[in-house]
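Working notes, beginning with the structure itself.
In the working numbering, the protein residues as written are 20 to 775.
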């Protein structure tokens, strides 16, 4: 007898002794406590179970509760004298167990056998990383993995990954997770793997990840615009903080240098201009005394860790001082050169508009040709260039080359002005770039990633399968994958061979030039030496690639041989275009056979069709063959176009066909179609088409069909349908759907016949 059976016997004897002992007090059903018979419970491992047992036949005053174990292995179980049972099962208690609950009042006792079914919770048996604490920076990643089991049968486990107790959606029901903090997260974070079974019991593993911040370089959000200054006049331009940005939120410092761009002509003399940048990042350009022309600048932004980024080339033009002096005296509306002699103009200060002075001796008369006015500059002026075509060398009558204008901020001036929120964006302009606009802008390294954005752009070294990689950080745009890694095409592999979506290992016998081989399976790491006439390179005195010299002769366009990339001998590819004569000479026998076949095909087809008209059963076989039926209908449509072009009338008028079709429609609507009636209706249609007498045999039918105006291919179909319809009077039973199909087929044949 096993241990469990022994325990059951002991417990039964214990109950019997209790009942015998108490029966001496003559216990009745009224005196004996009767425990409410709730005796089956399902509990999860590690969950606290509490149940208050009560009586159904008396109050509980003076009642004392106890319990007895059927199975001694249960631990952590207790019951109070008032009947409150507490049980928190451990892993050793998993399975089905029973206890006996005893309620005692004076000399009488009642018992209840209670069954517990205890479910096991999942157990995480292995995990990575082994250490519970991990240190990375914002650009690195960590690979987490867990494996769990459950003692219960037929359990389905669900895996969930949590970041700081929040569910990570894209990791649902995966046994592994790659954590990439990005620039958004830093400090200590919890990564947890939770495994849950169908009874909502779970086990959890938690790691503590210390994420160190990474200092990012500043970003150039917008190109710094070109600028124009007046000679001998320092001019404030713009604030560099509108164009540069520190993605870490720090303050930037700036510097500049003058450069000589490669696209400018060598030896160009540049203007002597200096720039100053105040603590707020505002730029002021100051040209040296009487300097002219232009110069190029590059600005550099630095963060507090001295990481930097440079701007584009910034061109600064110097406008001559005479233009500036003119600007101070010029009217906003009137100017010399507007073809109007205003009140402030005369023959001496503007002969262009007012004409020359009468008493002035006229010599060389300047002829000024002026360009159109340029756009209004942010400084409130516009310029043009005026040239004396006569080359008099007298600028007294020269029209104004500068005028005052009212500058209105635009969305394309490269400045943050007006009510813009950024440089040429926000306010009345297009919205400013963001890190979720699906556009690569504002100095981003990719679409909405890198630069000022928190998202790190996918790369070939981030430990994640992304971009178009076939495996982690390999394949696609990345380097080829090693052997036994996943692939989609040959180029995804180092070996250049992808079989069953797995990269093969390169070898010296794979028929592919890989692993730094000098040729296919030769040279490099292979012991086989490469021959010079098969290395795919013109060398060793060869006249072409692997031909000429000591190798085979190189292909020519007059050697009478099909070689190289020629399509036929000495034509095609790099040679002349092949003509019909070349094809005929190359395939002479084939052309002869083709001409014979093309000549025989029409004769054989026509003979075969007439043969079918004399052998109706053969015609029926073709009619019931779907492919042949479709071919005959298609061929008839082709020949119909010829008949229509020759203005041949159809074999039946549209009105007659419509009457027949209406009759067939009426027949098809009946709940039960009579076989004989349908066959007689088909016979009447054929009689009308072919002009058949009231009584006829097969010979007369065949003769009238051959002599009718029905096109030849349609005759075959009509003959085949007629033979098919003969089953109606002969068969003992024809299914309703077969008869409906025959009606549809008859209507189709009539419709084709009407078309010509």
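Cβ atoms here follow ideal geometry from the backbone N, Cα and C, with glycine treated the same way. These numbers come from a predicted model, not from an experiment.
Partner residues in the beta bridge of residue 87, as assigned by DSSP, are 119. Within its own chain, the residues whose Cβ lies closer than 8 Å to the Cβ of residue 488, once the five positions on either side in sequence are excluded, are 479, 494, 495, 496, 497, listed in chain order.
Inter-segment contact for the stretch 203–222 and the stretch 276–296 is absent: fewer than three beta-carbon pairs are separated by less than 8 Å. When Cβ pairs closer than 8 Å are counted between the two stretches, the stretch 248–264 is seen to touch the stretch 297–307, the count reaching three or more. Annotation for residue 647: the continuous alpha helix (DSSP H) segment containing it runs 645–664. Around the beta carbon of residue 506, 16 or more other beta carbons lie within 10 angstroms, which makes this residue buried. At a Cβ-Cβ threshold of 9 Å, residue 70 and residue 83 do not count as neighbours. A distance below 9 Å separates the beta carbons of residue 730 and residue 670. Judged by DSSP in its simplified three-state form, residue 401 adopts strand. Contiguous beta strand (DSSP E) elements confined to the stretch 120–191 occur at 127–138, 142–147, 152–156, 161–168, 177–182, taking only those with 3 or more residues. Within the same chain, 547, 548, 549 come within 7 Å of residue 541 by CB-CB distance, once the 5 residues on both sides are set aside.
If you draw a 10 Å sphere on the C-beta of residue 698, you find 16 or more other C-beta atoms in it, and that means buried. When rounded, the separation of the alpha-carbon atoms in residue 223 and residue 134 is 29 Å. In the three-state reduction of the DSSP assignment, residue 324 falls in the coil class. Approximately 17 Å separates the beta-carbon atoms of residue 164 and residue 209; this is outside 8 Å, ruling out the contact.
Contact check for residue 337 against residue 290 passes: the beta carbons are separated by less than 9 Å. DSSP places residue 329 within a strand segment (E or B) once states are collapsed to three.
For the options 192, 193, 200, 173, the alpha carbon positioned closest to that of residue 182 is the one of 200.
Shown here for residue 47: not one same chain residue has a beta carbon closer than 6 Å to its own, the five before and five after excluded.
When DSSP assignments are scanned along the stretch 420–504, no uninterrupted stretch of alpha helix (DSSP H) that is 4 or more residues long falls wholly within it.
Shown here, residue 566 sits in a strand according to DSSP, grouped into three states.
Burial is judged here by how many other beta carbons sit within 10 angstroms of a residue's own beta carbon; residue 190 has at least 16 and is buried. By the C-beta density criterion, residue 250 is buried, having at least 16 other C-beta atoms within 10 angstroms.
Per DSSP, the beta bridge partners of residue 521 are 505, 518. The beta carbon of residue 162 sits closer than 6 Å to those of 197, all from its chain and outside the five residues before and after it, given in chain order.
Counting C-beta pairs with one atom in each stretch, the stretch 641–658 and the stretch 673–681 have fewer than three that are closer than 8 Å, which means they do not touch. With a contact defined as Cβ atoms closer than 8 Å, residue 72 and residue 54 qualify at about 6 Å.
Between the C-alpha atoms of residue 319 and residue 329 there is a straight-line separation of about 4 Å.
For the pair residue 406 and residue 387, the Cα-to-Cα distance works out to about 5 Å.
By the Cβ neighbour-count rule, residue 106 is buried, with 16 or more other Cβ atoms within 10 Å of its own.
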